[in-house]
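Numbers 51 to 345, taken from our numbering, label the letters of the sequence shown in order. For reference, the structure is listed below as structure tokens.
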Amino acid sequence: MRAKYVLSEVLVGLWRNVTMTIAMIVTMAVSLAMLGASLLLYMQVSDMEDYYYTRLEVSIFFTKEATQPQMDALGAELRADPLVAEAKFETKDEAYKRFQEMFKEAPDLVNAAKSDSLPASYRVKPADPNNSQAIIDKYGKGRQGIVANAVDQRKVLSKIFEIFGGMQKLALVLAIVQGLAALLLVANTIQVAAFSKRREVAIMKLVGASNWFVQAPFVLEAVFAGVIGAILAYLTLIGAKVFIIDGTFKSLFQSTVLAPIPWSNVHLMFPILAGIAGTVSAITGWVTLRFQIKV
């Protein structure tokens, strides 16, 4: 009987302040969607770092004056080095073909490059990804006339990951700001609801109703709005996955530049967002009733 009464009071309270309830749900949905997007971005950047950093290579480019015997000798030295897990030689023609494949969607750039403009190189996979600098110091320096330069792909991609990290922080800050707005709206909605029912609350207290029984409908209203907001945020993430990531930017995520976002990560957001929304809304509701409203 008590549970039935509490649930009925929740529905009545939500309907009585329907405009504020809708505003609370929308604000909560926006903040949770941004929080979910930042969490997905964080997980994606972490997965990409783990994926790429174990596969990145050190490229040792030869000068035009380097002879084939000199390049072969350096290759033999690389393969015998314990710092090196694998060393693959790439001729000028192979480098040009790979260049054409990588930039096939930019024909002007491909046409501007000549077949002999790209140098031959060794693509070296370090035995330990953290020792790439040691390989550069050993083979990329002090080999004048043979080695033009050595490039660590980790350093190149680290700038990209720094950009992603900035995007993570920006999305998280925006989510926190939206979350604070949602919490203030939740607290304000509960205050208005409690004020509109102040006579009923006073009567219930006079007849001996416990604080829990009086506060439960208001707290459940906040939890309900939070969970509905989490559902809308989850649906927003699904829409972004279907229409943006797998739609507009499908070709970008199918390339080797960005790893695709798995559906498992998207689906994982629902219990996380629902848990956060329900818990935070319940705590906000309880604190508002406990310290700001005399019930």
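Quick reminder that beta carbons are idealized off the backbone N, C-alpha and C, glycines included.
Item	Value
Contact set for residue 51: own chain, Cβ-Cβ below 7 Å, skip 5 residues either direction	Bear in mind that a pLDDT of 43 at residue 51, under 50, signals an unreliable position, so the model cannot answer this.
Nonlocal neighbours in the same chain, by C-beta distance under 6 Å from residue 92, ignoring five residues either side	218
Whole-angstrom distance between residue 148 and residue 157, CA atom to CA atom	14 Å
Endpoints, the beta strand (DSSP E) within which residue 173 is located	171-176
One or two residues paired with residue 110 in a DSSP bridge	172, 200
Outcome for residue 335 when other beta-carbon atoms lying within 10 angstroms are tallied against a minimum of 16	buried
Coil, strand or helix - residue 299 by DSSP	coil
Exposure label - residue 122; buried when at least 16 CB within 10 Å	exposed
The beta strand (DSSP E) enclosing residue 140, as first and last residue numbers	134-140
Helix, strand or coil at residue 280 according to DSSP, with G and I counted as helix	helix
Cα-Cα separation, residue 222 to residue 88	6 Å
Proximity winner among 170, 135, 128, relative to residue 144 (alpha-carbon distances)	170
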